[in-house]
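Residue numbers (our numbering): 348 to 731.
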């Protein structure tokens, strides 16, 4: 094959193995400046019996052209040319792999500097169930929105905000909520500094922690910076971001109880499950007017908010609830809030709370071993 053809295949593949994505411009193990990639034929260069896929109907003079060549590492080249695997790695399969890999490389290299986004992972142990979010998962999720990651917020911890070392999460102790609040505020202070310097112009948030923590997170995110949320998908593929097949869901709110004191209001937010009014704490007595936000045409279930459109609809309705409280209940000092919501909705609740207009939220949550909801933290203490 000609040098021109070889160069074209190397460039189109981005210097990486078409199958395993290994970097092939030098040897990563020894650090030696040696190109270790190999050009492999999709349809074998010869029609002889021992030529891998050589019996395919492609003119011999075309078998050395770029369209019939893959950039591979030695290992994957050995695999596809093993005679026992010719049926597995047939010509059509290899062509599809080539198209997918080269299309991905073209898309990634087409991104300009304005497609950079600063990554913010807020990770905790959900009832002692550890979560994992690797850099590779981040890149995969961002690529679906034509973004590439900037790690400006990453410090000494594995993640930008790592709540896993904090004690007391499982039991929802007051020490845990106070520590989580302080840790969030400390780590987000760096974000505020970088925003002020113009270093951060777009933010991608990957939230997976207890709901009260994520509501606080929302209140701490800077209003001047565009934010994309990447929820953890529930389809079992360990992916992050919206589900392509998810339908948009609408929401509404109703007043479910009229209290005797206009300055006392409680909010129930039933999205991923129903908040049980029979388990509200004793302090939410008959003096409280109670509003509930819930899906308009379906029952509250996990995974209900699976699209950006559904999150937008939720956020609009949440703002409407807050506006109703502001207009109809002047004098409210704080709003007890009981939420059964997914992570993205929790962040959105905090983001749309306007300190100048809305009372602070007193956030309650279900705690292991308790028959009622327990107070956790308040947005009154956030520093945005």
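Glycine included, every Cβ here is placed at the ideal spot set by N, Cα and C.
Could you have a look at residue i and say whether DSSP puts it in helix, strand or coil?
i, result
"residue 706", "coil"
"residue 421", "helix"
"residue 577", "coil"
"residue 530", "helix"
"residue 449", "helix"
"residue 652", "coil"
"residue 366", "coil"
"residue 721", "strand"
"residue 382", "coil"
"residue 480", "coil"
"residue 566", "helix"
"residue 457", "coil"
"residue 523", "helix"
"residue 554", "strand"
"residue 405", "coil"
"residue 395", "coil"
"residue 673", "helix"
"residue 698", "helix"
"residue 622", "coil"
"residue 559", "helix"
"residue 437", "coil"
"residue 442", "helix"
"residue 613", "strand"
"residue 359", "helix"
Just to confirm, are residue i and residue j a CB contact at a threshold of 9 Å?
i, j, result
"residue 587", "residue 698", "no"
"residue 552", "residue 527", "no"
"residue 612", "residue 682", "yes"
"residue 607", "residue 629", "no"
"residue 355", "residue 413", "yes"
"residue 598", "residue 529", "no"
"residue 507", "residue 600", "no"
"residue 345", "residue 695", "Given that the chain is displayed from residue 348 to residue 731, the structure contains no residue 345 and the question cannot be resolved."
"residue 386", "residue 480", "no"
"residue 650", "residue 581", "yes"
"residue 418", "residue 371", "yes"
"residue 615", "residue 637", "yes"
"residue 617", "residue 639", "yes"
"residue 549", "residue 464", "yes"
"residue 416", "residue 348", "yes"
"residue 635", "residue 604", "yes"
Could you give the distance in angstroms between the alpha-carbon of residue i and the alpha-carbon of residue j?
i, j, result
"residue 500", "residue 538", "7 Å"
"residue 620", "residue 702", "28 Å"
"residue 404", "residue 444", "19 Å"
"residue 657", "residue 398", "54 Å"
"residue 566", "residue 700", "7 Å"
"residue 393", "residue 381", "29 Å"
"residue 452", "residue 653", "28 Å"
"residue 677", "residue 447", "58 Å"
"residue 533", "residue 563", "13 Å"
"residue 602", "residue 456", "52 Å"
"residue 625", "residue 569", "37 Å"
"residue 720", "residue 641", "19 Å"
"residue 505", "residue 531", "15 Å"
"residue 496", "residue 466", "6 Å"
"residue 690", "residue 543", "27 Å"
"residue 360", "residue 449", "5 Å"
"residue 716", "residue 518", "8 Å"
"residue 430", "residue 373", "29 Å"
Ordered along the chain, which non-local residues of its own chain (more than five positions away) have a Cβ less than 7 Å from that of residue i?
i, result
"residue 541", "499 and 547"
"residue 558", "686, 688, 693 and 712"
"residue 368", "none"
"residue 433", "399 and 400"
"residue 644", "597"
"residue 714", "518, 519 and 721"
Hey, is residue i's beta-carbon within less than 9 Å of any beta-carbon in chain C?
i, result
"residue 644", "Although the question refers to chain C, the structure presented lacks it and comprises just one protein chain."
In chain order, what residues of the same chain have a beta carbon less than 6 Å from the beta carbon of residue i, not counting five sequence neighbours either side?
i, result
"residue 731", "Any reading at residue 731 needs caution, since the residue's pLDDT is 48, under 50, leaving its predicted position unreliable; the model's value is listed next. The answer, listed in chain order, is 566 and 567."
"residue 436", "427"
"residue 438", "389, 390, 400 and 403"
"residue 669", "705"
"residue 723", "524, 559, 710 and 712"
"residue 510", "471, 527 and 556"
"residue 296", "Limits of the chain in this structure are 348 at one end and 731 at the other, which puts residue 296 out of reach."
Just confirm the distance between the C-beta atoms of residue i and residue j, as a whole number of angstroms; I'd bet it's less than 8 Å.
i, j, result
"residue 523", "residue 535", "Wrong, their Cβ atoms sit about 18 Å apart, outside the cutoff."
"residue 462", "residue 493", "6 Å"
"residue 352", "residue 411", "7 Å"
"residue 383", "residue 421", "7 Å"
"residue 610", "residue 672", "Contact doesn't hold; Cβ gap of about 11 Å is too wide."
Spatial neighbours of residue i within its chain, please: C-beta separation below 8 Å, excluding the five flanking residues on both sides.
i, result
"residue 395", "401"
"residue 350", "none"
"residue 409", "415"
Taking 8 Å as the cut-off, does the CB of residue i come closer than this to any heavy atom belonging to the ligand ATP?
i, result
"residue 409", "Of ligands this structure carries none, so the ligand ATP is not represented either."
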